[in-house]
Amino acid sequence: MKRAICQILAVGALSFTALAQPIHPMNTNQTETATFGGGCFWCMEAVYERLPGVKSVTSGFAGGHTANPTYEQVCNGDTGHAEVTQIEFDPAKTSYEKLLDVFWQAHDPTTLNQQGADEGTQYRSIILYHGEAQKLAAEKSKAAAQKYFQHPIVTEIVPFTKFYPADKHHQQFYDHNTNYGYCRMVIAPKLEKLEKKKVIEKEPQDRPGH
1 MKRAICQILA
11 VGALSFTALA
21 QPIHPMNTNQ
31 TETATFGGGC
41 FWCMEAVYER
51 LPGVKSVTSG
61 FAGGHTANPT
71 YEQVCNGDTG
81 HAEVTQIEFD
91 PAKTSYEKLL
101 DVFWQAHDPT
111 TLNQQGADEG
121 TQYRSIILYH
131 GEAQKLAAEK
141 SKAAAQKYFQ
151 HPIVTEIVPF
161 TKFYPADKHH
171 QQFYDHNTNY
181 GYCRMVIAPK
191 LEKLEKKKVI
201 EKEPQDRPGH
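All residue numbers for the sequence shown refer to the numbering used here, where the first residue is 1 and numbers rise by one.
In structure tokens:
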């Protein structure tokens, strides 16, 4: 199962809302996709499930070189993949820039291949962009976010290629296992902090599976 309890990034009372300015009007009924890695995918999934405008969040693997990797292979660092969440969102209700805003607050983007006690390339901070507009937005957001961190941001910004969903028991892991030690001691405090800052809502959005 999951690794040792990781430290929670203390962003404090800083507001990142200025980073969430959309670069183009969002007035379509179609959904869009974002793919982010910020350490344990259980953590990032729980965060984005509580963001209005998000339609679905799937935990999985991306950014590697091995087809159809297993969780064990990724944990061993043999495949080059990162643990990521793939997010389907409604651009009429939220923007890619808003998702990026949450991304910087939900993990520590200054620690290379590490989130707290979780170490390895599978825990690296990574943005896999879907198209040129997302690439430009990610680069702009990263530059703007840097002023909130003492150390340089090490987040990779790379083109999306392939996403492999994790096994079913990894999906909505926090919501199904709130009493599990890692969830109770790591994820819950992170969610509480973001809730208090009004970055996310207290409960997951109403969607299939909840």
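Each residue gets a CB set at the ideal place from its N, CA and C atoms; glycine is no exception. Everything numeric in this text was worked out from a predicted model, so none of it was measured.
{"Item": "Simplified DSSP assignment, three categories, for I153", "Value": "coil"}
{"Item": "Residue burial classification, T79 (beta-carbon count within 10 angstroms, cutoff 16)", "Value": "buried"}
{"Item": "Short Cβ contact (7 Å threshold) for Q122 with A82", "Value": "yes"}
{"Item": "V74 - containing alpha helix (DSSP H), residue span", "Value": "Y71 to C75"}
{"Item": "Of the residues Q146, F41 and T35, the one placed nearest F173, counting alpha carbons only", "Value": "F41"}
{"Item": "At least three beta-carbon pairs within less than 8 Å, the stretch 157-169 to the stretch 103-119", "Value": "no"}
{"Item": "Three-state class that DSSP yields for G181 in the structure shown", "Value": "helix"}
{"Item": "Residue-level contact to chain C via CB, H176, 7 Å cutoff", "Value": "Among the protein chains of the structure shown there is no chain C, as only one such chain exists."}
{"Item": "Among P165, I127, Y182 and R50, nearest to T94 - alpha-carbon criterion", "Value": "R50"}
{"Item": "Three-state secondary structure assigned by DSSP to T94", "Value": "coil"}
{"Item": "Sequence ranges, alpha helix (DSSP H) only - wholly within the stretch 40-86, length at least 4", "Value": "41-48 and 71-75"}
{"Item": "Simplified DSSP state of L128, which is helix, strand or coil", "Value": "strand"}
{"Item": "Pick from T110, K168 and T178 that is closest to S59, judged by C-alpha positions", "Value": "K168"}
{"Item": "Cut-off 6 Å between Cβ atoms - residues of its own chain near E156, not counting five sequence neighbours on either side", "Value": "I126"}
{"Item": "Residue from L191, K196 and K198 with nearest C-alpha to E45", "Value": "L191"}
{"Item": "Alpha-carbon to alpha-carbon, Y48 and P204", "Value": "8 Å"}
{"Item": "As assigned by DSSP and simplified to three states, the class of A34", "Value": "strand"}
{"Item": "Nearest to P109 (by Cα), restricted to the options L136, A138, L128 and F149", "Value": "F149"}
{"Item": "Cα-Cα separation, P22 to K98", "Value": "Interpretation of P22 is limited by its pLDDT of 41, a score under 50 that renders its predicted location unreliable; the figure taken from the coordinates is listed afterwards. The alpha-carbon atoms of P22 and K98 are separated by roughly 8 Å."}
{"Item": "P165 burial status per 10 Å Cβ neighbour count (16 or more: buried)", "Value": "exposed"}
{"Item": "7 Å Cβ cutoff met for Y96 and A145", "Value": "no"}
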